[in-house]
Amino acid sequence: MVLSKTASQSDVSVHSTFASRYVRTSLPRFKMSENSIPKEAAFQIINDELMLDGNPRLNLASFVTTWMEPECDKLIMAAINKNYVDMDEYPVTTELQNRCVNMIAHLFNAPLGENETAVGVGTVGSSEAIMLAGLAFKRKWQNRRKAEGKPYDNPNIVTGANVQVCWEKFARYFEVELKEVKLREGYYVMDPEKAVDLVDENTICVAAILGSTLNGEFEDVKVLNDLLIEKNKETGWETPIHVDAASGGFIAPFIYPDLEWDFRLPLVKSINVSGHKYGLVYAGIGWVIWRNKEDLPEELIFHINYLGADQPTFTLNFSKGAYHFVLISVLQYGPFLFKAYFLLFSVGSSQVIAQYYQLIRLGYEGYQNVMENCKENMIVLKDGLEKTGRFNIVSKDEGVPLVAFSLKDSSRHTEFEVSEMLRRFGWIVPAYTMPPDAQHITVLRVVIREDFSRTLAERLVKDIEKVMHELDILPSRADIREETNHVVVAKKSALETQREITTAWRKFVMDKKKTNGVC
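Be aware that the sequence shown starts at 1, since it is given in the UniProt record's numbering, and climbs by one per residue.
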């Protein structure tokens, strides 16, 4: 959840043209209204504002699924008011979650006996999954240190600097030192040798990424495992591995089946994966699987009975929800009737059911077809960008199907300008700098999802070519700075300088639009 901030302070009320048919007074923007309004007005007010959102299908920044089959949409809506944490009331939904856990565990080659059930849980995305896995590692390390009579107050975790921000959150929230392996130009994932060098007796685990957010590359978990086995033998430590397979967990088993990254490696004790990424489910579902029961300390599991029966639970959340229903309820019924609607609509099990639908609907063959198609469309886009002669490809062919690329010549214009101008065509393509020590590298990234077709890939290349042509006509950043007659009276940071250049360039483009507009 992001911290909220107001987009505008110009008006403290919400106005709607069509809602005036039902309500003549405007609604407070940042406070709950005292009175109810008709359901039609509540719907229209929200719908009007949502029209200004971007198109999810053209949001190429996101790994999250934006399309599912209509049959699955029906199942989701039918289950929107179920809370799958209440296992006694919804035993079938609970059974579907258990089936998903076991299917994914087998997909990751968990060492299960013929009648043995897997150890895992559904979560709200990989962020919660990583928190739970991290807590299990921390508690196991603490228990072992206590038994040995050694200090247990200074745990650390080793990752690459390319990890997703949820790892930083885990380290900060649960008081674990984060030891990061720095990147370098041309090598944008964790170096396993440097990672093992950082391991000490206080390391609770080493986290490897199967599918870096930055360029989609798979880290070499096999090499990391072999190096760590040797270090454990030399030191007597028992440092394990966690694999963050948020993006790659539903890719590697289907198109890289011989790649050893999962429970086939003895030091891999837990794996997380995002069902809402290449698991092909809408946002809000993740999974964490443990190698066996011994890797999840029993004291972390809570047992409750106030929902009707004894139920084990290991989550950071309790109710799982359809949160978007709440806003409509607030607008329509005001503060007096809000409580009842919140209790009804703030819980749900729809993502678990959707994940089960995809697993049985697609099967191994279906997932393999989807992932191979994504990879083929990635190659189409990559080849198209290379043919322009304007970009360096930073991503790898083996990994998450995405294309990360940078300008060969950024002396006149930057990747941030390319990203901004692509929004005029509806495309959302992020530009960002790499983490330390490769922060001087800036890249653009296009994530290839199931709903990104070859036609869209070809259209995107054409639109990028148009953008590059327009940038060639525009004056360079240096020319614009000279035109603005900006006098530097004090040394500014690189970020401040970049903002000034971008602002001046944006003003130039807007002025050009005004003189060449079409009525």
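Built from N, CA and C at the ideal position, the CB exists for glycine as well. These numbers come from a predicted model, not from an experiment.
Between L456 and the set V163, M434, H440, I379, the nearest pair of CA atoms involves I379. If only complete runs of 3 or more residues are kept, the region 217-249 shows the beta strand (DSSP E) at 241-244, in order along the chain. For S350, the CB contacts under 6 Å within the same chain, skipping 5 residues up- and downstream, are I76, A79, I80 in chain order. Put simply, the region 267-284 touches the region 233-252. At least three CB pairs are less than 8 Å apart.
E168 and Y187 have their alpha carbons spaced roughly 21 Å apart.
Just measuring C-alpha positions, the residue of N225, A161, V165 sitting nearest P436 is A161. With a cutoff of 8 Å on beta-carbon distance, K74 and N215 are scored as not near each other. Counting along the chain, no alpha helix (DSSP H) covers T414, and no H or E run does either. Going by C-alpha positions, P401 is about 50 Å away from N35.
Taking 3 residues as the minimum length, the beta strand (DSSP E) runs contained wholly in the region 64-124 are 119-123, in order along the chain. Note that the C-beta distance between M103 and L359 is below 8 Å.
Every alpha helix (DSSP H) stretch that sits fully inside the region 20-66 and reaches 4 residues is listed by chain position as 39-50. L112 and R291 have their alpha carbons spaced roughly 9 Å apart. Less than 8 Å separates the beta-carbon of T65 from that of Y282. In the DSSP assignment, K179 forms a beta bridge with V158. Residue range 350-388 is occupied by the alpha helix (DSSP H) that includes N373.
The closest CA to that of F391, considering only H440, E465, K146, V119, is found on E465. In this structure the region 202-213 touches the region 244-260; the number of beta carbon pairs closer than 8 Å is three or more.
The DSSP-derived three-state label of R264 is coil. Two segments are said to touch when three or more pairs of C-beta atoms, one from each, lie closer than 8 Å; by this definition the region 172-189 does not touch the region 225-238.
Distance check between K150 and each of V196, N156, W141, V158 places W141 closest, using alpha-carbon atoms only. Sequence-distant Cβ neighbours of L60 in its own chain, meaning closer than 7 Å and more than five residues away, are W427, I428, V429, V446, V447. Per DSSP, the continuous beta strand (DSSP E) segment holding V288 begins and ends at 286-290.
Going by beta carbons, H276 and I289 fall outside the 8 Å limit.
Within the same chain, and ignoring the five residues on either side of C166 in sequence, the residues whose Cβ sits closer than 8 Å to its Cβ are S126, S127, I130, M131. Ranked by Cα distance from K293, the first of P91, E69, A118 is A118. Closest in alpha carbon position to I255, among E95, E365, V394, is E365. DSSP places I473 within a helical segment (H, G or I) once states are collapsed to three. Exposure of M51 is indicated by the presence of fewer than 16 other C-beta atoms within 10 angstroms of its C-beta. For Q355, same chain residues with a beta-carbon under 7 Å away, outside a window of 5 residues either side, are C100, G275, G279, V281, I285 in chain order. For Y173, the three-state secondary structure derived from DSSP is helix. Counting along the chain, V196 sits inside the alpha helix (DSSP H) bounded by residues 192-198. Spatial neighbours of G384 in its own chain (CB-CB distance under 6 Å, excluding positions within 5 residues in sequence) are listed in chain order as V461. Residue pairing of I209 in beta bridges, as defined by DSSP: D244.
Taking C-alpha positions only, R449 is separated from H440 by approximately 28 Å.
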